[in-house]
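Asks: Starting off with a structure, shown below.
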Amino acid sequence: MGLRQEFFDRPVLEVARDLLGCELVVDGRARVRIVEVEAYGGEDDPASHAGRGPTPRSRLMFGPPGFAYVYLIYGVHHCLNFVTGPDATAGAVLVRAAEPLSGVVPRPGLALEQTCAGPGRLCRALGVDLAWNGVPVAEDLPGPDRLRLETGRTPRRITASPRIGIRLAVHRLWRFHDRESSGLSRR
DNA sequence: GAACCGATTGCCT
DNA sequence: GGCAATCGGTTCG
């Protein structure tokens with residue numbers, strides 16, 4: 000079942016957990032199962048791009064839910080997020096890892112399972128870059144359907160932990176992953 | 001305008 | 001385990 004905008008129009012922690020097990024379809028070509036995500040909040044979350052109010056980059060996080068937020072990190076890799084919560088409130092879920100189901104091109108020297116194990120690897124494998132920033136993800140939004148999400152096999156066991164690579168707000172266990180997956184960025 | 005930095009990764013020792 | 005790559009965004013003067 001395709002995810003609609005109302006799915007994303009909820010608190011970011013709920014959306015993050017519910018995205019685990021969902022399948023991401025890219026250009027109707029590649030299909031992966033999401034196994035690891037992180038939640039990022041608004042002005043109340045110092046670790047978030049939206050933590051100090053809206054900026055040109057984080058503007059999308061303050062917009063309506065159901066759109067992709069893509070940014071470049073370390074000048075090298077891209078990270079894919081989905082905007083959550085009602086318009087004028089900031090929130091987004093970072094997709095950190097997924098299991099390839101079909102259409103993912105293997106990379107030399109890297110097991111297929113690991114191709115999408117990490118936010119940068121995932122974007123590289125799926126061909127997602129800055130040009131994808133702002134594309135609609137919810138199926139009932141107008142615009143191109145280059146990114147789609149569908150419900151999939153729900154994880155049996157979900158583990159919460161601190162967000163990776165974040166120094167602030169370490170006490171917040173806002174990273175969630177499918178404990179039984181072999182396609183995680185870390186254990 | 002300039003300086004600093006990062007929600008990462010892969011290659012090096 | 002250490003560290004370079006590489007660039008847009010953010011902050012500061």
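No gaps in the numbering here: position 107 of the first sequence is 106 in numbering that gives the first Met the number 0, and each next residue is one more. We put the beta carbon where it would ideally sit given N, CA and C, even for glycine.
Closest to arginine 123 by C-alpha separation, out of Glu149, Leu79, Gly108, Gly84, would be which residue?
Replies: Of Glu149, Leu79, Gly108, Gly84, the residue nearest in Cα terms is Leu79.
Asks: Hey, is the region 97-111 in contact with the region 13-30, meaning 3+ C-beta pairs nearer than 8 angstroms?
Replies: Segments in contact, yes.
Asks: Between valine 24 and the rest of its own chain, which residues show a CB-CB distance below 6 angstroms, the 5 nearest in sequence each way excluded?
Replies: Arg30, Arg147, listed in sequence order.
Asks: Should glycine 108 go down as buried or exposed, given a rule of 16 or more other Cβ atoms within 10 Å for buried?
Replies: Exposed.
Asks: Just grab the DSSP bridge partners of arginine 95 for me.
Replies: Per DSSP, none; premise fails for arginine 95.
Asks: Does DSSP classify glutamate 35 as helix, strand or coil?
Replies: It is a strand residue.
Asks: Closer than 6 angstroms by C-beta to arginine 145: which residues in its own chain qualify, once you throw out the five before and the five after it? Chain order, please.
Replies: Correct list, in chain order: Asp26, Val134.
Asks: Say whether the region 7-20 touches the region 83-97, bearing in mind that this needs 3 or more beta-carbon pairs closer than 8 angstroms, one atom from each stretch.
Replies: Because the criterion of three Cβ pairs below 8 angstroms is met, the region 7-20 and the region 83-97 touch.
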